[in-house]
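Count along the sequence shown from 1, then add 27; that gives the number in my numbering.
Quick reminder that beta carbons are idealized off the backbone N, C-alpha and C, glycines included.
Single-structure report; data block below.
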Amino acid sequence: MFTETIKIKYIYHSCYSVELDDKLIIFDYYKGNLLKPIPGKQTIFVSTHSHADHFNKEILKVPYMEDCIYLLSSDIKELYRSNNIIYLNDKDKDVDIDTLKILKNSKNIYFFNPDEELVLDDMIISTYGSTDKGISILLDFSYISIYHAGDLNNWIWPEDSLKEREAMTLAFNKELDKVDIEQIDIAFFPIDPRLGENYAKGAEIFLDIICPEVLFPM
């Protein structure tokens, strides 16, 4: 269990910030008060997928952007294609041609597919899949581990058939089984009232299987 001083702030939707002694981590900024880099702390932006409510290009415009670290799902840099036509603007995500140039040319931006791992300084980054789009992600430091589910959830909708419900639960559990770590200290996980009586089902399964020290709903 961690003993460092940490500050966790809810921003909006699936966005939380985690401030450690030497780092500021901002997950899935969408809108609201975008925290600026803090002098003396390494600033890390995480975006789990390209949906407009999980990625906002404003994170690429913060002061001293070149000193920040960006951990982004690889679908954020992909252009929408249909019938051999490539679209420079996608209504489902906040990316335009100027943003794509930054994404492709900046050396401090790292892109991830599911099931990848990267050691970056004192941080071990592990990614897992999603039952919607993009990745879920685990940041493991020597003194604390932080997990953000993105849009990974047991998405069982009221109108779903029994077959659809079983397939979703199977896919969800498959992703949780990949999380191979002794302890997750902090987890951020979606709870969605649109799911009706199953609004917290995914979180309940997550708590049973992963057993994080603390879970923050989003």
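(request) Assess, as a yes-or-no matter, whether the segment 235-245 is touched by the segment 208-217 under the definition of 3 or more beta carbon pairs within less than 8 Å. (result) Flag = yes, the segment 208-217 and the segment 235-245 touch.
(message) Using the Cβ count rule (16 or more neighbours within 10 Å means buried), how would you classify residue 91?
(response) It counts as exposed.
(request) May I have the straight-line CA-CA distance separating residue 113 from residue 139, to the nearest angstrom? (result) Annotation note: pLDDT 49 at residue 113 (below 50); position unreliable, coordinate value reported separately. The straight-line gap from Cα to Cα measures roughly 22 Å.
(message) My output table needs one value for residue 134: the three-state DSSP class, helix, strand or coil.
(response) Three-state result, residue 134: coil.
(request) Between the Cα of residue 248 and those of 96, 160, 209, 225, spot the shortest distance and give me the residue it belongs to. (result) With the chain represented from 28 up to 245, any question about residue 248 goes unanswered, as that position is not in the structure.
(message) So the candidates are 46, 157, 59; which of them puts its Cα closest to the Cα of residue 101?
(response) It is 157.
(request) Would you mind listing the alpha helix (DSSP H) stretches within the segment 35-90 that are 4+ residues and don't spill past its ends, in chain order? (result) DSSP runs (the alpha helix (DSSP H)) wholly in the segment 35-90: none.
(message) Between the alpha carbons of residue 197 and residue 83, how many angstroms are there, rounded?
(response) Take the alpha-carbon of residue 197 and the one of residue 83: they are about 31 Å apart.
(request) Please determine, among 49, 50, 130, the residue with the shortest C-alpha to C-alpha distance to residue 85. (result) Of 49, 50, 130, the residue nearest in Cα terms is 130.
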